[in-house]
Every structure is written in C-alpha cells, then in structure tokens.
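**Student:** Residue numbers (this note's numbering): 617 to 781.
Next up is a structure, given as structure tokens.
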Amino acid sequence: MNPELTRKLLDSFYRAQMAFYTLPPLPEGLTPQYVHIIDAITHIEKENGKVRVSDVAEWFHMSVPGATRSIRALEKIGAVRKVRDEKDRRIVLIALTDQGRIWYDTYVEEYHRKLSALLADVPESDIETTIRTIPRVVELMRDHPITLAEQSTKSIKTIGGVDEI
C-alpha cells in the first residue's frame, strides 16, 4: 500500500474515533466502554447461559484483571451484580441488574435500532468491509510495532512570542 493511502487510512481511524463524540449523553458514571461491556455481557449470557469475568476478558481480548476492574466499576454504579454459580459455589458469575438491563435496552438496543435506520443508505458491503478491515489493521499494528529512526531535533526557543531556531 502506498504512503498516501496509509495516511488516509489513519485519518479514517481518527474520524471513526470522532463518532464517540456523537453518542447520546449517558448517565453519570456510565461510559461508552461500560455500555460496550453491558452489551457483551448480554451476548455472552445469550450464548452460554452464564457469564464469568474471564468470558468478558476473552470477548474483548483483554486481561482478566482489566475486565475485573471494569466489572467492579459497573457493579459500583449498579449495572451488574456478582452471583455464585449454583452448581459450583467457587465460581463467581456476573449478571446485569434491572438498571443494567434498562441501560442495555436504551443505549444498545434503542440506539442501534435508530442508528441502523440512519445508516440505511450505506451499502452493507461497505459496512462489512469496514468490520473486517479495522480489526485486521489494528492486529497488524499491535503485533508488529514500528520503530522509527531517532532524529536529532534543533531546540526551539520562543522570544517574545516568535519561535527562533
């Protein structure tokens, strides 16, 4: 790929990040990341019938301690609760509270439904290409960090509001 196309790709990542600034306001303490975790918990529960912190960690390709911190924060704001597995009391499961389900219904289901209607004119094939491409690029960038040659820079002094080299 040529460097100009690479620049445009990285610019599109920046623009994609800007989408988070268009999200509807969230209740105090609820962040877009927490909404994403609430969504994941709902999906994991539908697939497995129960959810462990390690399931959430695996879903997001993150460490168990990182997932634990997020789950604790969600517990603190009343979105999730911990429960013991009835068959094996050593296993701690997580479940959405009534408040967590309300937030799921509003900030995931309702928002996705309305956003889907807004995106109706964007070809699904474009959306599917984006869905496949972004994780692949991120994985490549993460697994193959680029080191740059150290460059000497001249010291810049500001005198009276004017930069001087």
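For each residue, glycine too, the CB sits at the ideal point set by N, CA and C.
(1) Considering just the uninterrupted stretch of the beta strand (DSSP E) at residue 700, what are its terminal residues?
(2) Just to confirm the assignment, what range does the alpha helix (DSSP H) spanning residue 736 have?
(3) Can you tell me whether residue 564 is helix, strand or coil according to DSSP?
(4) Between the alpha carbons of residue 720 and residue 733, how many angstroms are there, rounded?
(5) What residue range does the beta strand (DSSP E) around residue 710 cover?
(6) Which same chain residues end up closer than 7 Å to residue 639 when comparing Cβ atoms and leaving out the 5 residues on each side of it in sequence?
(7) Which value, in whole angstroms, describes the spacing of the CA atoms of residue 709 and residue 668?
**Tutor:** Answer, in terms of the structure:
(1) For residue 700, the uninterrupted beta strand (DSSP E) segment begins and ends at 696-700.
(2) Careful: residue 736 lies outside any alpha helix (DSSP H) and carries neither H nor E.
(3) The structure shown has nothing for residue 564, since the chain only spans 617 to 781.
(4) Those two C-alpha atoms are separated by around 19 Å.
(5) Note, residue 710: beta strand (DSSP E), 708-712.
(6) Non-local C-beta neighbours of residue 639 in its own chain, meaning closer than 7 Å and more than five positions away in sequence, comprise 648, ordered along the chain.
(7) Their Cα atoms are separated by approximately 5 Å.
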